[in-house]
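One structure is given here, and the rest of the page talks about it.
In the working numbering, the protein residues as written are 361 to 439.
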């Protein structure tokens, strides 16, 4: 999602939204559905495209790790 623009109309800042949906079914129990969203801001700079692409990959990797940790914590509460 766009948060801000440069004077020339190009996107200057994005909000990254990482949506996770998953289901857990324990033996003998009903399936449970979970979902959550994680948010991060990302500032773009077309003059530093390579560096910003690497930064974006790092942010996405961090979001994936946060999501995995959150799911693991949920599993620990159920077990």
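Built from N, CA and C at the ideal position, the CB exists for glycine as well.
Just tell me which of 368, 414, 394 has its CA closest to the CA of residue 402. Walking along the chain shown from the start, residue 402 turns up at place 42. Ranking the options by Cα distance to residue 402, first place goes to 414.
Can you tell me the Cα-Cα spacing of residue 428 and residue 386, whole angstroms? The sequence position of residue 428 within the chain shown is 68, counting from 1. The sequence position of residue 386 within the chain shown is 26, counting from 1. Straight-line Cα distance between these residues: approximately 19 Å.
Runs of beta strand (DSSP E) lying entirely within the region 371-416, each at least 3 residues, in chain order: 371-384, 392-403
Straight-line gap, residue 408 to residue 424 (C-alpha atoms, nearest Å): Translated into positions along the chain shown, residue 408 becomes position 48. Translated into positions along the chain shown, residue 424 becomes position 64. When rounded, the distance between both Cα atoms is 24 Å.
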